[in-house]
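Participant: Shown below is the structure under consideration.
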Amino acid sequence: MLGRLNHVAIVVPDLAAATALYRDTMGATVSEAVDQPAHGVTTVFIELPNTKIELLHPLGENSPVAAFLAKNPSGGMHHVCYEVEDIDAAVAQVTAGGMRVLGDGKPRIGAHGKPVVFLHPKDACGTLVELEQV
Ligand code: CO
């Protein structure tokens, strides 16, 4: 069921500083910062040869990453995203295995315009897992 690692998401307190760190100090290719009001985040993508790093910074009042940043003021790893071919089949498989899907359990359109779900970290080795249909 699981395909490629699509991205690892890192929440950062200072998006410009984090972007400069990856671009200038570590020599990576970075995207422009994009506000995603529907998701309550501003994102920057770091392009790596085999995957991406997604830098996340809270946007707006009800950002889903604001509490994470409050608990982790210097930032930290937020989630990993695995690709799946069929999100509905993937949800059926993981829920049959006892994993919980966050929210109403239905896929929604994620920050990359593709259907995604998030799995409860307590059911996934303490790590927030995003499944994205590609
Ligand atoms: Co993600």
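So for the sequence shown, this note's numbering puts the first residue at 1; every next one is plus one. Yeah, the Cβ is synthetic: ideal placement off N, Cα and C, and Gly gets one too.
Is Ala18 a contact residue of the ligand CO, with contact defined as CB to any heavy atom under 7 Å?
Facilitator: Counting from one through the sequence shown, the residue named residue 18 turns up at place 18. Checking the Cβ of Ala18 against the ligand CO gives no.
Participant: Would you mind reading off the limits of the beta strand (DSSP E) that contains Ala9?
Facilitator: Residue 9 sits at position 9 when you count from the first residue of the sequence shown. Looking at the DSSP string, the run of the beta strand (DSSP E) that includes Ala9 is 5–11.
Participant: Do the stretch 34–49 and the stretch 121–129 make contact, defined as three or more Cβ pairs closer than 8 Å?
Facilitator: The answer is no - the stretch 121–129 does not touch the stretch 34–49, with fewer than three Cβ pairs under 8 Å.
Participant: Going by beta carbon distance, what residues of the same chain come within less than 8 Å of Thr95, once the five residues before and after it are set aside?
Facilitator: One-based indexing of the sequence shown puts residue 95 at position 95. Closer than 8 Å at the Cβ level, and outside the excluded window around Thr95, lie Val101, Gly105.
Participant: Out of Ser63, Ala33, Ser31, Val117, point me to the one whose CA is closest to Gly103's CA.
Facilitator: To locate residue 103, count along the sequence shown from 1; it is residue 103. Selected option, being the one with the closest Cα: Val117.
Participant: Buried or exposed: where does Ala16 fall if 16 or more other Cβ atoms within 10 Å of its Cβ makes it buried?
Facilitator: By 1-based counting over the sequence shown, the position of residue 16 is 16. By the 10 Å Cβ count, Ala16 comes out exposed.
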